[in-house]
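What the sequence shown shows, in mature numbering (1 follows the signal peptide of the UniProt record, and there is no 0), is residues -21 to -1, 1 to 219, in sequence order. We put the CB at the ideal spot given by N, CA and C, even for glycine. Only a predicted model underlies this, so the values are computations on that prediction, with no experimental measurement involved. A short write-up of the structure that comes next.
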Amino acid sequence: MEMKRIWLLALGALATLWACGSSNETLVAEGRLALDNGDPRGAIGRFEEVLNSDTTDLDALNGLAVGFFMIKRYEDVVKTCDKALAVDTTDYKPYYNRANAKREMSQWGEALLDYTKAVELRPTEADILVNRGFIYYMLGDFEKAHADLSFAIKLSPNNATALYNFARVSLKLNQVDEAKVQLTKLVELQPKHAAAHYWLGMISVSEEDLAKAKAYFEEAKFLGDKDAEAALKKYTTVNS
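Here it is in structure tokens:
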């Protein structure tokens, strides 16, 4: 089967990864609310106000890292997480947030170390496993990616990113049936998932079911998949 597209999805949302409670509880709560409302700059202001009076407030540091991540200030995420880890190395959140920033900077090896530490501290957090699986994929270690994503699905059966990435890794390992099961589940959960329709079309091509492939490619094209039109022309000889 042709495997043109190598990128998986990575989970970028960090807005749930902190806890509440400090002498500046009100400001922290306001910062969290700002993040939830899509106002990272407002949140950053609140968290920085807390840190002006207490540089070791872990809730504020974790929240600040989230805010910086949301506006793509990845170097600042790393620096903020370093400060949090100087206070407490037993909390998984700074490792996870720092790993996400390093992932966005394509620092795969360093991201892997931080994700692994986060997994050690929080072994049943599905999102960490999904992101570490992504890193393993980018490093070409498909077996380890498969293992992480399989466990993530057990922990969070309807996690769309886990289902999609697991399917893509399964295709890399030539485990087509596994990929088909997860992609089928994904389109049931999210009928507008264009890439899932595209890959189900590719699987149908491999099964020589061109009528089904055409239907999947047409749906993928309708939903905006960039490769679907070319696939229609190449595999079904029908120009949409």
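For E99, the first and last residue of its enclosing alpha helix (DSSP H): W87 to L100
Please state whether DSSP places T216 in a helix, a strand or coil. coil
What residues in its chain sit with their C-beta under 6 Å from that of G(-1), if we drop five residues either side in the sequence? In this prediction, G(-1) has a pLDDT of 44, which is less than 50 and means its spatial position is unreliable; nothing more can be read from the coordinates.
Using three-state DSSP, classify E186 as helix, strand or coil. Under the three-state reduction of DSSP, E186 is assigned to coil, being neither helix nor strand.
A131 and A146 - do their beta-carbons sit closer together than 7 Å? no
Once DSSP output is grouped into helix, strand and coil, what is the label at P170? coil
For A190 and V155, I'd like the C-alpha separation in whole angstroms. 19 Å
Taking the straight line between their C-alpha atoms, what separation do you get for A78 and D127? CA-to-CA, the gap between A78 and D127 works out to about 16 Å.
So, for D93: in the same chain, excluding its five sequence neighbours on each side, which residues have a beta-carbon less than 6 Å away from its beta-carbon? Apart from sequence neighbours up to five positions away, the residues of its chain that approach D93 with a beta-carbon distance below 6 Å are Y74, R77 and A78, ordered along the chain.
With distance defined between alpha-carbon atoms, name the residue in A173, F113 and G46 nearest to G203. A173
Helix, strand or coil: how does DSSP classify L150 here? helix
Quick check on this structure: which residue in A39, R20 and N16 has the alpha carbon closest to the alpha carbon of F26? If you compare the alpha carbons of A39, R20 and N16 with that of F26, the shortest gap goes to A39.
Please determine whether the Cβ atom of M117 lies at a distance below 6 Å from any heavy atom of the ligand COA. Here there are no bound small molecules, and the ligand COA is not part of this structure.
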